[in-house]
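Asker:
In this note's numbering, the protein residues as written are 1 to 231.
Written as structure tokens, this is what we have:
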């Protein structure tokens, strides 16, 4: 049983069944290093990355450790919550659509999706993908909707392959629900990714009838379409 998605401490079984994920540069920067102890079999059966990292072919496996020096510890902690409790976590609280609609959580969901891509965890990516689609299609009670910003686009395009379903969702959203002012600033260091602008231009050449509508009536259709691409 997981008591917290946090720092080291066994998650219920014997130490021999556990492994340690090290975030940061270890002894080189002790103050910023974070350790997460999880059941080895839980992450190995979900993630091709952890399966390889904890296999006998890796020297690090002698200590049952995996080092991820450049990864965000908050993202890793949220990732490790999901296999145990079956839901996404936003900070330290379970992600819920109604609560999250009060703020723009697209960047956080984008970071989670990119991490799922990095560790090759299809199940986790699908969970994040469903949350993103729900966020795009269902406005909050007062009618306010939060659409992905440049920051979200930069995260996704910086950490996913060309064929990524999440890239396609963002492009389809901008093509189907976007407004001209969304693209008013396409220059400078914080510009939209060039690949995104090219992808968007290609979709905009299609007829309006070919574009997906991001609204409550199409949640199921959109979810089925894009989750099928993850298979």
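Idealized CB from N, CA, C, for every residue including glycine.
Quick caveat: nothing in here was measured; it's all calculated off a predicted structure.
Could you check the C-alpha separation between residue 88 and residue 203 for me, to the nearest Å?
Answerer: Those two C-alpha atoms are separated by around 31 angstroms.
Asker: Return helix, strand or coil for residue 124, following the three-state DSSP convention.
Answerer: Helix at residue 124.
Asker: Here's a check: name, in chain order, each residue in its chain whose Cβ is nearer than 6 angstroms to the Cβ of residue 171, leaving out the five neighbours to either side.
Answerer: Result list for residue 171: 199, 200 and 203, in chain order.
Asker: In whole angstroms, what is the alpha-carbon distance linking residue 210 and residue 146?
Answerer: If I take the Cα positions, the gap works out to 23 angstroms.
Asker: My output table needs one value for residue 191: the three-state DSSP class, helix, strand or coil.
Answerer: Residue 191 falls in the coil class under three-state DSSP.
Asker: Give me, in chain order, the residues of the same chain whose beta-carbon lies closer than 7 angstroms to that of residue 223; leave out the 5 immediate sequence neighbours on both sides.
Answerer: Cβ within range, chain order: 130 and 133.
Asker: Assuming residue 253 and residue 34 make a contact with CB atoms under 8 angstroms, what is their CB distance in whole Å?
Answerer: Look at the range of the chain in this structure, 1 to 231, and you will see that residue 253 is not part of it.
Asker: Run through DSSP, which three-state label would residue 119 get?
Answerer: Coil, per DSSP.
Asker: In or out: residue 181 buried (at least 16 other Cβ within 10 Å) or exposed?
Answerer: Residue 181 should be labelled exposed.
Asker: Could I get the ranges of all uninterrupted alpha helix (DSSP H) runs contained in the segment 126–188, with 4 residues as the minimum, in chain order?
Answerer: Complete alpha helix (DSSP H) runs here, min 4: 150–159 and 165–177.
Asker: Can you give me the Cβ contacts of residue 71 inside the same chain, cut-off strictly under 6 angstroms, excluding the 5 residues immediately before and after it?
Answerer: Excluding sequence neighbours, residue 71 sits near 23.
Asker: According to DSSP, which residues form a beta bridge with residue 227?
Answerer: For residue 227, which the question treats as bridged, DSSP gives no partner whatsoever.
Asker: Using CA atoms only, rank isn't needed, just tell me which of 46, 54, 158 and 139 is closest to residue 194.
Answerer: Minimum Cα distance to residue 194 is reached at 158.
Asker: Whole angstroms are fine: how far does the CA of residue 63 sit from the CA of residue 19?
Answerer: Rounded to whole angstroms, residue 19 to residue 63 spans 8 angstroms at the Cα level.
Asker: What are the boundary residues of the alpha helix (DSSP H) that includes residue 32?
Answerer: No alpha helix (DSSP H) contains residue 32, which DSSP labels as neither H nor E.
Asker: Secondary structure at residue 66, three-state DSSP: helix, strand or coil?
Answerer: Strand, per DSSP.
Asker: Less than 6 angstroms between C-beta atoms, sequence neighbours within five positions excluded: which residues of the same chain meet that for residue 79?
Answerer: So the qualifying residues of the chain are 115.
Asker: Quick one: measure Cβ to Cβ for residue 47 and residue 121, integer angstroms, because I've assumed they're closer than 8 angstroms.
Answerer: With a Cβ gap of about 4 angstroms, residue 47 and residue 121 count as contacting.
Asker: Between which two residues does the beta strand (DSSP E) carrying residue 20 extend?
Answerer: Element bounds for residue 20: 18–23.
Asker: I'd like to know whether the C-beta atoms of residue 54 and residue 38 end up nearer to each other than 8 angstroms.
Answerer: It is not a contact, given that the beta carbons lie outside the stated cut-off.
Asker: Comparing C-alpha positions only, which one of 42, 197 and 50 sits nearest to residue 175?
Answerer: Closest by alpha carbon: 197.
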